[in-house]
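Undergrad: Quick note: the sequence shown uses the numbering used here, first residue 444, plus one each step.
For every residue, glycine included, the Cβ atom is placed at its ideal position computed from N, Cα and C.
Everything numeric in this text was worked out from a predicted model, so none of it was measured.
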Amino acid sequence: MTSEEGASSNSPKRAKTEFGDVRKIGRFTVETQRLVKVLIVEADDTLRVLDKMTIESLNLPVTVQEAANGSKAVDMYRATPFDVIFMGLEMPVMNGIEATKALRDIGARSTIIGMVPMTQYKDEIVQTFCEAGVDECHRYPLNTDRFSSILQTAWGKI
444 MTSEEGASSN
454 SPKRAKTEFG
464 DVRKIGRFTV
474 ETQRLVKVLI
484 VEADDTLRVL
494 DKMTIESLNL
504 PVTVQEAANG
514 SKAVDMYRAT
524 PFDVIFMGLE
534 MPVMNGIEAT
544 KALRDIGARS
554 TIIGMVPMTQ
564 YKDEIVQTFC
574 EAGVDECHRY
584 PLNTDRFSSI
594 LQTAWGKI
């Protein structure tokens, strides 16, 4: 652990860990953890719950919220920006493509992962999702390893 640049010997010392900071203040060590804020946007209640359970089972430093449609996702983002958004395709009120465009239009810098059902995964749909502003597009449902990889990559960006 090294002290911060130009800090006196009485100043807190800080080191980065995989998922947060460790600070040494006097003889005490305090570890703080930065949580990755995740939003799952999917019309199907069962799929949303399964995705949330899968993400939470990874034991990564995440907090997960859910939205049943794109309009709700945009409203939630305005209130609390998210680091990663898993965006479904077909939803009532506002679909995933429209929601992705709306999020990018308001300046969202989140990693947005487009999730297209296997039965609908066609080049033109993926292209449209990409043009809307998703960072990646995947066949849905995602497996545990894919969720883990996406979240760990996103954590490295925040």
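#1: So, for VAL505: in the same chain, excluding its five sequence neighbours on each side, which residues have a beta-carbon less than 7 Å away from its beta-carbon?
#2: Tell me whether THR497 sits in a helix, a strand or coil according to DSSP, three-state version.
#3: Any idea which residues DSSP pairs LEU482 with across the strands?
#4: Taking THR596 as the reference, which of GLU533, GLU541, SER553 and PHE572 has the closest Cα?
#5: Which residue from GLN563, THR562, TRP598 and MET558 puts its Cα closest to that of GLU579?
#6: What is the rounded straight-line gap between the Cα of ASP464 and the Cα of LEU503?
#7: In the DSSP assignment, find the unbroken alpha helix (DSSP H) run with ARG521 in it and report its ends.
#8: Based on Cα-Cα distance, which residue from GLY550, GLN508, VAL517 and ASN586 lies nearest to ASN538?
#9: Can you tell which of VAL536, SER592 and TYR564 has its C-alpha closest to the C-alpha of MET485?
#10: Which residue marks the beginning of the beta strand (DSSP E) containing GLY557, and which one marks its end?
TA: So, from the listed chains and residues:
#1: LEU478, VAL479, VAL481, ILE498 and LEU594
#2: helix
#3: GLN508 and ILE528
#4: SER553
#5: MET558
#6: Confidence at ASP464 is low in this model, with a pLDDT of 48, below 50, so its placement is unreliable and the value that follows should be read with caution. Their Cα atoms are separated by approximately 15 Å.
#7: 513-522
#8: VAL517
#9: The question names Met, yet the displayed sequence has Glu at residue 485. If we check each option's Cα against that of GLU485, VAL536 comes out closest.
#10: 554-560
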